[in-house]
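When you read off a place in the sequence shown, starting at 1, and then add 169, the result is the number in the working numbering. So the structure is just underneath, and the comments pick up after that.
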Amino acid sequence: MTGADYLLPFRTKLRSIRTESFGADPAGARMERIRRSPHFVDGVFQNPVGARTRPSGSTVEFAKIYFHKEQRARRTPTGTVPVHATTLADLAAPPATGLRLTWMGHSSVLAEIDGRRILFDPVWGERCSPFPFAGPKRLHPTPLSLAALGPVDVVVISHDHYDHLDLPTIRALAGTDTVFAVPLGVGAHLERWGVPPSRMHELDWNETATVAGISLTATPARHFCGRGLRNQQHTLWASWAVVGPEHRIYHSGDTGYFPGFRDIGAEHGPFDATMIQIGAYSEYWPDIHMTPAEGMRAHLDLQGGRPHGVLLPIHWGTFNLAPHPWAEPGEWTKDAGEEAGQAVAFPRPGEPFEPAGKLPAEAWWRAVSQPIAHPWRRPRGAESVAETSRGDMDLAGER
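Next comes the structure, spelled out in structure tokens:
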């Protein structure tokens, strides 16, 4: 380092050590459009409802829990996660009902809807991290390679966190003809990684793009963004309402619970299927991720306050991102579905199913999980999830 290097602004130095995985900051016309967004206030994107985006409580106490040997063991499977060996034959024939979902793990879902193929939050990388040698590692392999997936009409990204926006996956998809639908600002990352602007739809909340006869609307979510050392909150996060000629589906991305689910459902629902985040919750960040009970409440809100369609739990089982036991999201969601009288699909990673057909219902995680406590269970006779969807619920921060 020369003496002149010390004169460089600190931000310039930070940029110089950022690897390509960090992506790119919005600039130029893209940044001007961001500044015009009604959701960009005081230099940052704002949530629809106030949210703490940094962990609350004592960092020391959180570290004690997170790194405790016994607690760490509970956050991983005890054996090999049963992945469905998805093949081209599984996906070759079109869905008989016009809608088929294949959960690839975490928040990655292939949705075949009314003759089109939509891939949500594809993460095929080994780690959700900017570095190949550190960060949360996969707890199960991808069910099939990207090459074996076949052509995709549109790739939908919910936000730019590493477990939803993966450099090697985007690089591979950039070499195809697929179109990308992303929240405002996220296009800067994709452009740096080789996706031409002509193949991107970059949307603010409540904006809609139409691809191959399917409408994709970026809907509000309660979360945050960022990939680097400087988190400027200059890229938006979103959930997505997708509407075809015959079917409607919803992908939550990452979000805390907020009343806006009712508005989204009233505007774009009811949905044949919702893909709802039910994992990586904690009392240390109750505003930005949902517990399974909150996820069920969100689904019911999206459906007009009553059980309808099918809920596919996402954002669990693939990466170790929170202090809760590995299998707890599945177990809790199963209880919540039964309590609400709501149909829930529990496919193994890679197992295709049609929401209008026979749903995968086996609690497959139990074979490779340590025993799970059930602190969320209420005494017999307590009010149901459906009833509490109109009032307060057992939130993570209250336990």
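Glycine included, C-beta positions come from ideal geometry on N, C-alpha and C.
query                                                                                                                 : result
Contact under 8 Å by Cβ, glycine 192 with arginine 361                                                                : yes
Those residues which DSSP pairs with methionine 369 across a bridge                                                   : Phe349
Alpha-carbon spacing of glutamate 189 relative to glycine 344, whole angstroms                                        : 17 Å
Per-residue DSSP class, three states only, for phenylalanine 522                                                      : strand
Phenylalanine 515 beta carbon less than 8 Å from that of alanine 530                                                  : yes
Sequence-distant residues of the same chain with beta carbon closer than 7 Å to threonine 247, five excluded per side : Val537, Ser538, Gln539
Neighbour-count burial assignment, threonine 460, 16 or more Cβ in a 10 Å radius                                      : buried
Proximity below 8 Å, CB of histidine 420 to CB of tryptophan 406                                                      : no
Inter-stretch contact (C-beta, 8 Å, three-pair minimum) for the region 252-261 and the region 346-361                 : no
Euclidean distance between Cα positions of leucine 334 and histidine 437                                              : 25 Å
Three or more C-beta pairs below 8 Å linking the region 463-471 and the region 429-446                                : yes
Residues near valine 412 by beta carbon distance below 6 Å, same chain, minus five either side                        : Ser384
For glycine 527, three-class secondary structure by DSSP                                                              : First, the residue type needs correcting, since residue 527 is lysine and not glycine in the sequence shown. Of the three classes helix, strand and coil, the one that applies to lysine 527 here is coil, per DSSP.
Bridge partner(s) assigned by DSSP for leucine 268                                                                    : Ile282
For histidine 477, the nearest candidate out of Pro439, His458, Glu507, His484 (CA to CA)                             : Pro439
Collapsed DSSP secondary structure at valine 213 in the structure displayed                                           : strand
Per-residue burial, arginine 205 [other beta carbons within 10 Å of its own, 16 or more giving buried]                : exposed
Leucine 334 in three-state terms, based on DSSP                                                                       : coil
Distance, alanine 341 Cα to alanine 280 Cα                                                                            : 19 Å
Local conformation of arginine 244 per DSSP, three classes                                                            : coil
Check whether proline 352 and histidine 328 have beta carbons under 8 Å apart                                         : yes
Closest Cα partner of alanine 435 within the set Leu471, Ile418, Ala462                                               : Leu471
Residue(s) in a DSSP beta bridge with methionine 648                                                                  : The requested residue 648 is not part of the displayed model; the chain covers only 170 to 568.
Own chain, CB closer than 8 Å to proline 366, minus 5 neighbours either side, in chain order                          : Gly356, Glu360
Supposed close pair valine 250, proline 492 - CB separation, criterion 8 Å                                            : About 20 Å; that fails the 8 Å criterion.
Cβ contact (3+ pairs, closer than 8 Å) linking the region 305-314 and the region 196-211                              : no
Range of the contiguous alpha helix (DSSP H) that encloses threonine 121                                              : No answer is possible for residue 121: it lies beyond the span of the chain, which begins at 170 and ends at 568.
One or two residues paired with alanine 410 in a DSSP bridge                                                          : Thr386, Tyr419
Extent of the continuous alpha helix (DSSP H) to which alanine 261 belongs                                            : 257-261
Sub-8 Å separation of alanine 220 and arginine 368 beta-carbons                                                       : no
When Pro544, Thr266, Leu528, Pro521 are compared against proline 494, the one with the closest alpha-carbon           : Pro544
Strand pairing of isoleucine 287, partner residues [DSSP]                                                             : Ala280, Val323
Top-ranked residue by Cα proximity to leucine 308, from Arg286, Lys503, Leu490, Asn216                                : Leu490
First through last residue of the beta strand (DSSP E) which encompasses alanine 381                                  : Element bounds for alanine 381: n/a, residue is neither H nor E.
Pairwise C-alpha distance: glycine 319 and glutamine 511                                                              : 32 Å
Rounded distance between the beta-carbons of glutamine 402 and valine 213, thought under 8 Å                          : 4 Å
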